[in-house]
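For the sequence shown, the working numbering assigns the number 207 to the last residue and increments by one with no breaks. Every residue, glycine too, gets a C-beta built ideally from N, C-alpha and C. In this text the structure is predicted, and so the values were computed from the model without any measurement.
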Amino acid sequence: MLTSLGIILTLLSFTVLNLTSYSGILIMSILLMTIGEMIGFPYSNAFAMERSKKGKKGQYLAMYLMAFSLANVFAHNGGLQLIDQLGYDTTWHIMSALGVLGVFLLYILNIILKNEASQS
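Encoded structure:
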């Protein structure tokens with residue numbers, strides 16, 4: 088699944104930040120994050136559209152985009168709060184752990200979808 092690849096690349100972008108204090112590592116991190124989002128986002132959007140029932144695509148996409156927007160509103164503030172309370176290194180480790188959780192959940196979703204397809 089390309090969505091998983093996108094999450095893995097974004098996960099690597101957070102992990103790379105803890106490798107060294109050299110400021111040039113930021114460029115590598117930003118490139119990984121950008122490529123990860125460019126790969127993952129369109130396919131997650133397409134997945135939401137494919138799962139919708141006939142005549143309900145607009146409702147599914149609206150809910151998907153509202154969830155994405157809410158995540159963007161709260162994630163930035165939450166990340167800044169984590170940095171303030173725990174520091175940068177711990178924050179990037181937490182974000183990396185959340186990325187691993189995201190890949191794991193997509194793996195489980197893939198298994199569920201395969202079971203649905205085999206039962207149909």
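| Top-ranked residue by Cα proximity to Ala204, from Thr102, Arg138, Asp171, Asp176 | Arg138
Practice item. Report the three-state DSSP secondary structure of Asn105 (helix, strand or coil). Key: coil
Checking 9 Å against the spacing of the C-beta atoms, do Ile94 and Gly186 come in under that value?
yes
State buried or exposed for Phe101, treating a residue as buried only when at least 16 other CB atoms are found within 10 Å of its CB. Phe101 is buried by the Cβ-count criterion.
Where Lys140 falls: helix, strand or coil (DSSP) = coil
Give a yes or no on whether the C-beta atoms belonging to Leu104 and Ser116 are separated by under 9 Å.
yes
- prompt: Tyr130 to Gly145, Cα distance in whole Å?
  reply: 17 Å
Check your understanding: So Ile112 packs on Leu106, CB below 8 Å; how close in whole Å?
Key -> 6 Å
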